[in-house]
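S.K.: Numbering-wise, the working numbering puts 1 at position 1 of the sequence shown, and it's gapless, one number per residue.
Attaching a single structure in structure tokens format; questions to follow.
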Amino acid sequence: MAVFPTGDEARAAGRDDTAGGRGAGGGGRGMPRVHTRRQWGAKPPRHRARVLDRAPDHIVVHHTATTNTKDYSKAQAYRLSRIVQRFHMRQLGWDDIGEQLTISRGGYVMEGRNRSLAAIRNGRHVVGAQTLGYNDSTIGIENEGNYSNAPVPVQLWASLVDTCVWLCYAYDLDPFQAIVGHRDFGSTECPGDVLYQRLPELRWVVARRLGVQGERVATPGHGDLHVPNQDSASRTVLRGVPDPPAQPDGMA
């Protein structure tokens, strides 16, 4: 989801589906350090986020489509979250920041929508505003930068892996089925071609971190991954899981 979406991008981002704290996290294995809303200076939401007493079924990977800053500092990470929240609330009229989690180019992981960390810790789902039509069943990770052509910074990638391991463990999700890109659910370029093409690698690495057996990781017979799509009943986005792609050189 672009931070400043226009046209199809804005429609694909989704309306605010809330009905109207912050938590320290603790969802389980491999939990990264997550910076709370209080730490990054979040404004109070218009309404408390709606929490469902069940887990999401997909982890949706986004990019902000903003400038690929060379500032990897914590201050920049906090500034990013404030900018995104301000835009979502003022320009889009949402109750709060849309995504549940945000990762900066420097690899800082931040709580997004209010109540997200407490919900993850308890195996529950905070309804966000990040994937139109699927906000009740998806949790979104917003990654700072534009990955249409640029490589993903190694710090961001490492934190994205850690975050997906944590979420899959906390929610008992199969990474091969659960980890998808925003474009799999609608007409959008998000999360950019470069990051999207690395999603099979992300699923593979997360599965290995979770202790999935090698046969399951490498066997093409694992099955097709179907996710709903705005333009069709379903879309096949992964057939089996190949050996992990080679790591890209350098970082943006």
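Positions of the beta carbon are idealized from the N, C-alpha and C atoms, including for glycine.
(1) Could you check the C-alpha separation between Gln76 and Phe176 for me, to the nearest Å?
(2) Quick check on DSSP: helix, strand or coil for Gln76?
(3) When DSSP builds the beta bridges, which residues end up paired with Leu52?
(4) Alpha carbon to alpha carbon, how far is Val180 from Thr236? Give it in angstroms, no decimals.
(5) Can you tell me the Cα-Cα spacing of Ile103 and Ala55, whole angstroms?
(6) Relative to the C-alpha of Ser174, which residue among Val51, Trp204 and Met89 is closest?
(7) With DSSP collapsed to three states, give me the class of Glu111.
(8) Reducing DSSP to helix, strand and coil, say where His88 ends up.
(9) Grouping DSSP H, G and I as helix and E and B as strand, with all else coil, what is Val61?
(10) So who's on the other strand from Gly145, going by DSSP bridges?
(11) Can you tell me which of the three DSSP states Leu210 falls into?
(12) In whole angstroms, what is the alpha-carbon distance linking Glu144 and Asp57?
(13) With a threshold of 16 other CB atoms inside 10 Å of the CB of Gly192, please say whether the residue is buried or exposed.
(14) Quick one: is Tyr134 near chain D, going by C-beta distance under 8 Å?
(15) Quick check: what's the CA-CA separation for Arg90 versus Gly128?
(16) Could you tell me which of Arg198, Asp53 and Leu199 sits nearest to Ala118, measuring between CA atoms?
(17) Taking buried to mean at least 16 other C-beta atoms within 10 Å of its own C-beta, is Asp71 buried or exposed?
(18) Buried or exposed: which applies to Gln197, given that a residue is buried once 16 or more other Cβ atoms fall within 10 Å of its Cβ?
(19) His35 by DSSP, collapsed to three states: which one?
(20) In chain order, what residues of the same chain lie with their CB nearer than 6 Å to the CB of Asn114, ignoring the 5 residues before and after it?
(21) In whole angstroms, what is the alpha-carbon distance linking Val51 and Asn146?
M.R.: Let's see:
(1) 32 Å
(2) helix
(3) His125
(4) With a pLDDT of 29 at Thr236, under the threshold of 50, the modelled position of that residue is not reliable, and no figure is offered here.
(5) 21 Å
(6) Looking at the sequence itself, residue 174 is Asp, so the reference to Ser does not match. Nearest option by C-alpha distance: Trp204.
(7) strand
(8) helix
(9) strand
(10) For Gly145, which the question treats as bridged, DSSP gives no partner whatsoever.
(11) coil
(12) 23 Å
(13) buried
(14) The structure shown contains no chain D, having only a single protein chain.
(15) 16 Å
(16) Asp53
(17) exposed
(18) exposed
(19) strand
(20) Pro45, Ala49 and Asp96
(21) 30 Å
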